[in-house]
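Below is one structure, written out as C-alpha cells; the observations come after it.
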Ligand SMILES: O=C(O)CCC(=O)C(=O)O
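Residue numbers (this note's numbering): 983 to 1244.
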C-alpha cells in the first residue's frame, strides 16, 4: 500500500496540470477485492445497472456504489486520498457520489470534454475533484481518460470554445496507467472518457467530491440503505453528509451547464 504523504512534486503537478497519478496506490489485495466486488454488483444489477443516476451509450455504469460493499465505503474515506482532495477543494468538502464506469469493449463512443457538475471555480476556489480508481490498465486503445492539462485555470467550458467537444483537443493527454493506480483530477480541468477499441474491459471507480456548499450528485442520506448508514463511522457519516439537513436542500443554480455530469 502507498504510504507516503503527498510530495511537493505531486502537489505542483496537481496545481499546475490539474491531475496527478499515484501508481501502485492499491495493494494487489485491495485491487482484487475492488474488482471482485465490482463484478459482483454488475452481475447482480444486470440491465438496471446505473439507473440511480444515468445510463450512457456503449458504457456499463454503476451508481450509488457506497451502498454496495464495505470495501467501497472504505476507499472513499481513506485519509491518504482525502489529503489529495483537500489540496484541490478548499475548506470543507463531501463525497458527491461513487460511480463505476466501463466503456464496452470494441465500442466507438467518446465522451465530450467536460467540467464536472458544470461549474467553474468561483471566488471561494475549486468546487470539484474526482478520484479515479483504475482497475484495469488504462491504455491508448481501451478508453483511457483524456485530460487537457492546465485547463482548470482557463475559466471556460469546453463546449463554449470547441466546435465539437467530442473531437480531440490539441493539448489533451491520455491517462495511461497500470491497474492499481489512483488518478486524482481537479475536474474543473477539461476531461472525458475515450473509446474502448480493445476487446477487454476498462473498469474504474469515480469517487467524486464536492465543496460543502454545493449539492451532492447523489444524495447519500436518501440513497443509502439504513443498514449501510448504521455501519458508517462518525467520520464517514460526515464525509457523506448523512446527518446534514441543509445539504439535502442545496440545489445547483444552473444545473444545465455541464452537458455531461460525472
Ligand atoms: O471514465 C472515464 O474515463 C471518465 C469519465 C468521466 O469523466 C465522466 O463520466 O464524467
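Virtual Cβ for every residue (Gly too), placed ideally from N, Cα, C.
Tell me whether residue 1078 is buried or exposed, calling it buried when 16 or more other Cβ atoms sit within 10 Å of its Cβ. A residue is called buried when at least 16 other Cβ atoms come within 10 angstroms of its Cβ; residue 1078 meets this threshold and is buried.
Mind reading off the beta-carbon distance from residue 1028 to residue 1087? Whole number of angstroms is fine, and I expect it under 8 angstroms. Taking the Cβ atoms as the reference, residue 1028 lies roughly 18 angstroms from residue 1087, outside the contact range of under 8 angstroms.
Touching by the beta-carbon criterion (3+ pairs, under 8 angstroms), the stretch 1136-1144 and the stretch 1180-1197: The stretch 1136-1144 vs the stretch 1180-1197: no contact.
When you compare the CB positions of residue 1072 and residue 1107, do they come within less than 7 angstroms of one another, or not? Yes, the Cβ-Cβ distance between residue 1072 and residue 1107 is below 7 angstroms.
At the level of alpha carbons, what is the spacing between residue 1116 and residue 1051? Each residue's alpha carbon lies about 18 angstroms from the other.
Return yes when at least one heavy atom of ligand 1 lies under 6 angstroms from the C-beta of residue 1083, else no. It does: the Cβ of residue 1083 is within 6 angstroms (strictly closer) of some heavy atom of ligand 1.
According to DSSP, simplified to helix, strand and coil, what is residue 1129? In the structure shown, residue 1129 sits in a strand (DSSP, three-state: E or B).
Mind checking who residue 1085 pairs with in its DSSP beta bridge? Looking at the DSSP output, residue 1085 shares a beta bridge with 1041.
Return yes when the Cβ of residue 1185 is within less than 7 angstroms of the Cβ of residue 1084, no when it is not. The answer is yes: Cβ separation under 7 angstroms.
Less than 6 angstroms separating the Cβ of residue 1028 from some heavy atom of ligand 1? In this structure, ligand 1 has no non-hydrogen atom nearer than 6 angstroms to the beta-carbon of residue 1028.
When 1056, 1148, 1053 are compared against residue 1090, the one with the closest alpha-carbon: Taking only the C-alpha atoms, the option nearest residue 1090 is 1148.
Who are the Cβ neighbours of residue 1043 in its own chain at under 6 angstroms, not counting the five residues just before and after it? So the list reads 1032, 1083, once near-sequence residues are dropped.
Going along the chain, which residues of its own chain have a beta-carbon closer than 7 angstroms to the beta-carbon of residue 1225, five neighbours each way excluded? Around residue 1225: 1219.
Spell out a yes or no on whether the stretch 1123-1130 and the stretch 1148-1164 are touching, meaning 3 or more CB-CB pairs, one atom from each, closer than 8 angstroms. Because the criterion of three Cβ pairs below 8 angstroms is met, the stretch 1123-1130 and the stretch 1148-1164 touch.
Mapping the DSSP letters down to three states, classify residue 1176 as helix, strand or coil. Note: residue 1176 maps to coil in three-state DSSP.
Is it true that the stretch 1161-1174 meets the stretch 996-1006, where meeting means three or more beta-carbon pairs spaced less than 8 angstroms apart? Counting Cβ pairs under 8 angstroms, three or more are found: they touch.
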